[in-house]
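Report on the following structure.
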Amino acid sequence: MLGLATVLTEQGMEGIVPFVPPASVRPKAAEPVVDVSADDASEISMGTWILVGVIVAVVMASALGYWISVKTAAPQRNKAAMTGSIKDLSSAPPRMVDAAASRAQADTVPAVAAVASQPQPTASRTESPPMTRNPARAAARQSAQSVFVPNPEWSSQVRRIGDVDPVTERSTMVILDAIHDVQERERQSRPAASKEVGREH
Amino acid sequence: MSTDAPVDLRWSVVEPWDGVRVHGYFFIQHMFATHDAVRKTLPIFSGRLPEPVHVGESEFRLGRLVGLPAGIYLHGNGFLCLTQAQESEDHTSLNWRELLQPQDIWAALANAVAVSAAMHKPTAAMLRAGGALYFFAPTEEAMHKLMQALTPTEVGEAPLSSADVARVCLAT
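Protein chains in written order, with the working numbering: chain H, -5 to 195; chain Y, 84 to 255.
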């Protein structure tokens, strides 16, 4: 029992005057404590809700961004990387088509002359006007049903790309043809150049 | 067969003062010079001495009140809470009314209230002064005034010493 003694004896104390701790004496004194805790709780819950909201917003934004990227970037990449670029190259190939057209001439020119004219394409690449397609060759290609028939070894490469329409297929063949021509010319020019260097030494 | 009947202490004076019944025991200090510390501090007890529990530097809190009594003694079914009075000449049966400071009375009561609340036992408020040992028996009115001085208790308020509570009690 809480309280102060009013009688003190040799053995102990008696006549206790009880008291109630101050927090319970006035109920109003206890109210601020309750209010403060309630405020703290509400602040905590509000902060928690704000945090949850921010997290949800971030997750939704990332999901939306991912969806948009998947929806838009992937098809563009396919067209640009596979079909678009090939079409562009096929429509206006500046030098490769020309190189393919001059393939026959290169075959007849001697090796020394080919070596002498080797630097010229490098210089002319920067200054030459835009070149047009060889109409005869283009007509010949368009008249053909498929390039797979005359060049069966390339068909596997083309089929690796996937199912493509005939126009794309033809343009692809033009590029491959040009690449082949360039490689042929380089292969022919290498021995000649080595011979020329050997003579100078 | 032992006689456990309460034996009254031999107080020199018992007088009411502002709702508090003041019990005073006056003595010559050097007569207890060779006695042990408890008997020198509480010379009114002649038989079994109270057992010291805390001697100074112990805080007892009750709301804003931080009680710092000079000593706590276990005595029977409760505690004796001893408060040290301000320095003064020795109290006697003739001069004690002038020497006993009201602030010391309220401070002793405040310390005892804090000890009772902290130890969950009844407590006797005692004051040790020069040549005197006082015991204060509060009435309900005095206890009410003391409780009023301790309330309201709100979070963030500065703590009160027993001297602060005494000043509040004296002002009301």
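The C-beta atom is built at its ideal place from N, Cα and C for all residues, glycine as well. Just so it is clear, the structure is predicted and the values come from calculations on it, not from any experiment.
Residue interval of the beta strand (DSSP E) (run including residue i)
{"i": "A88 of chain Y", "result": "Premise fails: A88 of chain Y is in no beta strand (DSSP E) and is neither H nor E."}
{"i": "H137 of chain Y", "result": "134 to 137"}
{"i": "A208 of chain Y", "result": "206 to 212"}
{"i": "I155 of chain Y", "result": "154 to 158"}
{"i": "E98 of chain Y", "result": "96 to 100"}
{"i": "V198 of chain Y", "result": "Where V198 of chain Y is concerned, there is no enclosing beta strand (DSSP E), although the alpha helix (DSSP H) it sits in stretches over 185 to 202."}
{"i": "V103 of chain Y", "result": "103 to 109"}
Backbone CA spacing between residue i and residue j [nearest angstrom]
{"i": "D247 of chain Y", "j": "H227 of chain Y", "result": "17 Å"}
{"i": "A254 of chain Y", "j": "A232 of chain Y", "result": "10 Å"}
{"i": "T39 of chain Y", "j": "V96 of chain Y", "result": "The structure shown does not extend to residue 39 of chain Y, since chain Y is modelled only from 84 to 255, so the question has no answer here."}
{"i": "V168 of chain H", "j": "Q182 of chain H", "result": "21 Å"}
{"i": "V138 of chain Y", "j": "D119 of chain Y", "result": "14 Å"}
{"i": "L45 of chain H", "j": "M54 of chain H", "result": "14 Å"}
{"i": "G102 of chain Y", "j": "L92 of chain Y", "result": "21 Å"}
{"i": "G47 of chain H", "j": "S56 of chain H", "result": "14 Å"}
{"i": "P160 of chain H", "j": "A133 of chain H", "result": "14 Å"}
{"i": "P15 of chain H", "j": "S141 of chain Y", "result": "20 Å"}
{"i": "A52 of chain Y", "j": "A241 of chain Y", "result": "Coverage of chain Y is limited to positions 84 through 255, which leaves residue 52 of chain Y absent and any answer about it impossible."}
{"i": "D171 of chain H", "j": "R164 of chain H", "result": "10 Å"}
{"i": "L145 of chain Y", "j": "A197 of chain Y", "result": "5 Å"}
{"i": "F143 of chain Y", "j": "G239 of chain Y", "result": "18 Å"}
{"i": "N178 of chain Y", "j": "R131 of chain Y", "result": "30 Å"}
{"i": "P152 of chain Y", "j": "T166 of chain Y", "result": "5 Å"}
{"i": "L125 of chain Y", "j": "L182 of chain Y", "result": "19 Å"}
Close-in-space but distant-in-sequence residues of the same chain around residue i (CB under 6 Å, 5 per side omitted)
{"i": "Q186 of chain Y", "result": "A249"}
{"i": "R104 of chain Y", "result": "A220"}
{"i": "A195 of chain Y", "result": "C164, T206, A208"}
{"i": "Y108 of chain Y", "result": "W94, S95, I127, L216"}
{"i": "V136 of chain Y", "result": "I155, L157"}
{"i": "A168 of chain Y", "result": "D187, L210, A212"}
Cross-strand partners of residue i (DSSP beta bridge)
{"i": "Q167 of chain Y", "result": "Y:R211"}
{"i": "S244 of chain Y", "result": "Y:V149"}
{"i": "H174 of chain H", "result": "Paired residue(s): none; H174 of chain H is not in a bridge."}
{"i": "G161 of chain Y", "result": "Y:H158"}
{"i": "M7 of chain H", "result": "H:L2"}
{"i": "F128 of chain Y", "result": "Answer is none; F128 of chain Y lacks a bridge partner."}
{"i": "R184 of chain H", "result": "For R184 of chain H, which the question treats as bridged, DSSP gives no partner whatsoever."}
{"i": "Y217 of chain Y", "result": "Y:G107, Y:L210"}
{"i": "R144 of chain Y", "result": "Y:V149"}
Proximity test, residue i beta-carbon vs the ligand COA heavy atom, cut-off 7 Å
{"i": "L229 of chain Y", "result": "Annotation note on the ligand COA: not contained in the displayed structure, which lists no ligands."}
CB contact check: residue i to chain C, cutoff 8 Å
{"i": "H203 of chain Y", "result": "Here the protein chains are H and Y, and chain C is not one of them."}
Proximal residues to residue i (C-beta, below 7 Å), its chain only, five neighbours per side dropped
{"i": "A193 of chain Y", "result": "L148, G150, L229, S245, V248, A249"}
{"i": "M202 of chain Y", "result": "F162"}
{"i": "E134 of chain Y", "result": "Y156, L157"}
{"i": "G(-3) of chain H", "result": "I10, V11, P12, F13"}
{"i": "S199 of chain Y", "result": "P205, T206"}
Enclosing alpha helix (DSSP H) for residue i [first to last residue]
{"i": "H227 of chain Y", "result": "223 to 233"}
{"i": "L182 of chain Y", "result": "179 to 182"}
{"i": "K123 of chain Y", "result": "120 to 124"}
Chain-order list of residues whose beta-carbon lies under 8 Å from that of residue i (same chain, five-residue window excluded)
{"i": "M84 of chain Y", "result": "The predicted position of M84 of chain Y is uncertain, since its pLDDT is 44 and thus under 50; a value taken from the coordinates is nonetheless stated next. Excluding residues within five positions, none has a Cβ falling inside 8 Å."}
{"i": "P99 of chain Y", "result": "V105"}
{"i": "A225 of chain Y", "result": "D101, G102, V103, L192"}
Would you call the segment -4 to 8 of chain H in contact with the segment 203 to 210 of chain Y, where contact means no fewer than 3 C-beta pairs closer than 8 Å? By the C-beta criterion, the segment -4 to 8 of chain H is judged to be in contact with the segment 203 to 210 of chain Y, since at least 3 inter-stretch pairs fall below 8 Å.
Are the segment 163 to 183 of chain Y and the segment 212 to 224 of chain Y touching by the rule of at least three beta carbon pairs closer than 8 Å? Yes, the segment 163 to 183 of chain Y touches the segment 212 to 224 of chain Y.
Quick check: the segment 149 to 163 of chain Y against the segment 7 to 16 of chain H, are at least 3 beta-carbon pairs closer than 8 Å? Verdict: yes, contact present.
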